[in-house]
Amino acid sequence: MMKIQLSIKNTFYKTSVFLLVFSGLTACRSSDNVADGNNNGQTIVKINMLGTATESTGPEKTAAVSKAGLLNETTIQRQVITIDKKQTIIATLTPESSSASSAQASVNPSSGIIKQEKLKVGNQYVVIVYDDKGTYVDEKTFTYGQQEAGFFLTGDKTYTFIAYSVDYTAPTRTTKDLPLSQAKLENISKDLMFFKRTMMVTGNKENNLDIVLKHRYSQITTKIDASAAGNITDVSSAVITPVRTSASISFDKPDVLSYGSVSANGTAVEFPNKNQSIITSTPTLLISEATTSGELNIKSITVGGTTRNDIKINNLKITPGVRYGLDLKFDGALKTIKVLGITPDQWASGIAAGSRTSLAREKLNDKLNFGPNGKVRIENFQIDDIDVRNFTPQQLADEIDKYDIIWVGYVLNSQLTADKRAVLEQKVLEKKKFFFIGNDNYTTAYFPGRNIPFAGFTFDTNGAGTRQINVIPVGPTQGIFGNLTQSNTIRQIRAIGKVIDYPGTATPFLTNPDGSINAVASDNLVSVGDINWYLSYESGDGLTGGTSSCTENSESILFCNIFEKAINYIKNQP
């Protein structure tokens, strides 16, 4: 019988037949030029490592959205999970597209559409050969990117070829040298890729075998988008169930895996980067039979400063060998955000009608900034002022309860008397509303006063003048309208304040030139040591000469980011 050599060649680019023969370089799989098929009774047979593949579940369809979950089983699965009256999560499970790109090709075997990816240099795999009786013949471990010698086989016979890789490595088997009927990979708990083909190897003729390693376990990459609700600061104990601890594959009958025990803890979903409004997990490997009852359970997630517990995404239809993307999008119910300004404002800067805050209001009322389709999604703003002199303490408390954001600019302490000041303080501590306080403080005459504690904060003056205030890139200096850096400054003029004490949970985000703290943010309060930075009255004001844009300068970014923070806080209140 004629002897034939099977040569395993990893994909490289061909230069010429001359270089291939005399320099030993491997050519491109589509145009390799090997021996002429008659070389002293031996023929070199091409085996091309094409890469790895994942299966598609079929043509893309979409399930109807229902608060109760999926209405029907289709390829793209969507459901809406109601967290509370103000927040929902839209969950979408999508199988990886089967479309090809320049780095990926598609093949269409009888098992379904497959998306193919090349191996990386250094990846390992094993190729095993069995004869037509299932007797073990030979095997070798190959490293992608290196030229390999291949196999010597008897021509004009039928062989079964097995190839596998586990997490792109080549682990040894306990069943090595056993016949095909007894050979298997056992207790595989990492990414299992497998290939099997039976073919006739003919003599005096070039033989070709394309190898595509097929992923046998499914994989899910989870993305959480909370851009409508705030930054995600913590995700605790995110787990997918049900899953198995491992699986085994028989080389003789590889279509059905033998699964190990059920994992009591499920498979953890890991998010390497937090403190962003959109975070993505590392791919999560799932060892499981086909299921229509997959679940993602999140013990707790903190978004926009609010922690929500026991979030469950259920009824996930998962097929082994398919890669999925699971998108979770927080979508707060659109609402009108009510802003209450405390007046009389001694600098004509009331947030609702002050002549010097007209440009600030333009930014708030620009639907591209804040609106149903704006960067921050709300229905609209309702902005009102009240003359605090005309309200008793109880009436003031009742009025605050009707609003979401309370804005205090340049108000005399003689008008915001001690009993009314106490109402404001109590409302801050109740944590139901969001407060802005302008600490434009040169004398003791203006709220919040000098060296008088207020809701855990104590304020003082830093003098007067025109100053470039330094940015600390935390808190509202970071947001959907832009992220300020230490190279940015905020221009402040006239009286300028400072913060001399604040709660441990609050964060300074601006400093005066002398290093003292100019601005600080807690979960539901922001105070800045000036008001002129968001006015448009004189040349030194922060918004003078500007537009409705929230991104045109540092002052605009900070102003709109503060409102983003406030809105996210309100949206996240139960």
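Mapped onto the working numbering, the consecutive letters of the sequence shown carry residue numbers 202 to 775. Think of the CB as a built atom: it goes at the ideal place given N, C-alpha and C, for glycine as much as any other residue.
Sequence-distant residues of the same chain with beta carbon closer than 6 Å to residue i, five excluded per side
i      : result
Thr503 : Thr434, Asp435
Leu451 : Checking the displayed sequence, the identity of residue 451 turns out to be Ser instead of Leu. Lys385, listed in sequence order.
Ile291 : Val281, Lys530, Asp532
Ser639 : According to the sequence displayed, residue 639 carries Gly and not Ser. Taken in chain order, the residues that qualify are Gly610, Ile732.
Ala549 : Gly555, Ser556, Arg557
Lys568 : Gly575
Thr442 : Gly467, Glu496
Cys751 : Lys564, Asn570, Phe682, Ser757, Cys761
Ala427 : Ile433, Ser478, Val504, Phe531
Leu458 : Ala448, Ile450
For residue i, the nearest candidate out of the options (CA to CA)
i      : options                        : result
Leu782 : Ser478, Val444, Phe452         : This structure gives no information on residue 782, because the portion of the chain shown stretches from 202 to 775.
Tyr418 : Pro455, Gly404, Lys632, Asp620 : Pro455
Leu527 : Ile480, Ile763, Glu756         : Ile480
Tyr365 : Val629, Phe395, Asn663         : Phe395
Ser717 : Val729, Asp724, Thr706         : Val729
Ile694 : Leu736, Gly657, Thr678, Gln679 : Leu736
Gly698 : Phe648, Gly743, Glu739, Thr706 : Phe648
Lys564 : Gly252, Ser757, Glu340, Lys321 : Ser757
Glu515 : Val612, Ser494, Lys621         : Per the sequence presented here, residue 515 reads as Asn, with Glu not at that position. Nearest C-alpha to Asn515: Ser494.
Asn689 : Gly676, Glu631, Leu711         : Leu711
Glu542 : Tyr460, Phe637, Thr483         : According to the sequence as given, residue 542 is Gly; it is not Glu. Checking every option, the nearest Cα to that of Gly542 belongs to Phe637.
Lys633 : Ile768, Gln547, Asn614, Ala707 : Ile768
Val440 : Leu487, Lys475, Ser447, Asn581 : Leu487
Val672 : Ala720, Asp661, Val328, Phe655 : Ala720
Thr483 : Gln679, Pro473, Thr644         : Pro473
Tyr604 : Val540, Lys391, Val629, Ile579 : Val540
Ile329 : Val675, Gln317, Thr293, Thr376 : Thr376
Glu349 : Ser615, Leu535, Ala491, Met250 : Met250
Ile552 : Thr678, Ile519, Leu320, Trp608 : Trp608
Lys334 : Pro380, Gly680, Arg692, Asn642 : Pro380
Sequence-distant residues of the same chain with beta carbon closer than 8 Å to residue i, five excluded per side
i      : result
Thr508 : Asp435, Ser501, Ile502
Thr659 : Asn652, Ile653, Val700, Ile701, Asp702, Tyr703
Gly588 : Per the sequence presented here, residue 588 reads as Asp, with Gly not at that position. Once the five neighbours on either side are set aside, the close Cβ partners of Asp588 are Thr544, Pro545.
Phe764 : Leu565, Phe571, Val577, Ile606
Asp620 : Pro594
Asn713 : Asn663, Arg668, Ile670, Asn671, Ile697, Lys699, Asn719, Gly730
Gln437 : Looking at the sequence itself, residue 437 is Ser, so the reference to Gln does not match. Answer for Ser437: Ile499, Lys500, Ser501, Ile502, listed in chain order.
First through last residue of the alpha helix (DSSP H) which encompasses residue i
i      : result
Pro594 : 594 to 601
Lys385 : Here Lys385 belongs to no alpha helix (DSSP H); instead the beta strand (DSSP E) covers 385 to 389.
Leu565 : 559 to 566
Leu759 : 755 to 772
Close beta carbons around residue i, own chain, < 7 Å, minus the five adjacent residues each side
i      : result
Gly323 : Thr344, Tyr345, Gly346
Val624 : Pro594, Leu597, Ala598
Ala554 : Asp586
Gly664 : Ile697
Leu744 : Leu560, Ala561, Tyr735, Leu736, Ser737, Glu756, Ser757
Tyr770 : Gly505, Gly506, Phe635, Asp724, Asn725
Glu261 : Reliability fails at Glu261, whose pLDDT of 38 lies under 50, so the model's placement of it is uncertain and the value that follows must be treated cautiously. Hits under 7 Å: Thr276, Ile277.
Pro674 : Asn684, Leu685, Thr686, Gln687
Ile601 : Leu541, Ile607, Lys628, Lys634
Bounding residues of the beta strand (DSSP E) (the contiguous stretch that carries residue i)
i      : result
Ser501 : 492 to 504
Arg622 : Segment 619 to 631 is the alpha helix (DSSP H) holding Arg622; no beta strand (DSSP E) there.
Tyr647 : Where Tyr647 is concerned, there is no enclosing beta strand (DSSP E), given that its DSSP letter is neither H nor E.
Trp608 : 606 to 609
Gln583 : 581 to 588
Pro709 : 708 to 712
Leu541 : 537 to 544
Thr752 : Looking at the DSSP string, Thr752 is not in any beta strand (DSSP E), and its letter there is neither H nor E.
Arg417 : Run containing Arg417: none; DSSP gives neither H nor E here.
Ile670 : 668 to 672
Lys530 : 524 to 533
Ser556 : Segment: none, Ser556 is in no beta strand (DSSP E) and carries neither H nor E.
Tyr326 : 325 to 331
Pro677 : Counting along the chain, Pro677 falls outside any beta strand (DSSP E), and DSSP gives it neither H nor E.
Lys813 : This structure cannot speak to residue 813, because the chain is shown only from 202 to 775.
Asn663 : 659 to 665
Distance between beta carbons of residue j and residue i, contact taken as under 8 Å
i      : j      : result
Asn779 : Ser449 : Since the first residue of the chain shown is 202 and the last is 775, residue 779 is not available in this structure.
Thr686 : Gly522 : So it is not a contact: roughly 45 Å between Cβ atoms.
Ile248 : Leu410 : 5 Å
Lys772 : Lys286 : With 8 Å as the limit, Lys772 and Lys286 do not qualify as a contact, their Cβ atoms being about 11 Å apart.
Asp332 : Tyr360 : 6 Å
Ile277 : Thr253 : That belief does not hold up - the Cβ atoms of Ile277 and Thr253 are roughly 24 Å apart, past 8 Å.
Phe352 : Asp368 : Not confirmed; about 25 Å, so no contact.
Leu414 : Tyr326 : 6 Å
Leu630 : Gln547 : Leu630 to Gln547, Cβ: 27 Å. No contact.
Ala371 : Thr342 : 4 Å
Runs of 3 residues minimum, wholly inside the stretch 336 to 409: which ones carry the beta strand (DSSP E) assignment?
Runs found: 337 to 344, 352 to 355, 358 to 367, 385 to 389, 393 to 402.
Please give me, in chain order, every unbroken run of the beta strand (DSSP E) with length at least 3 that falls completely inside the stretch 428 to 472.
Complete beta strand (DSSP E) runs here, min 3: 433 to 442, 448 to 451.
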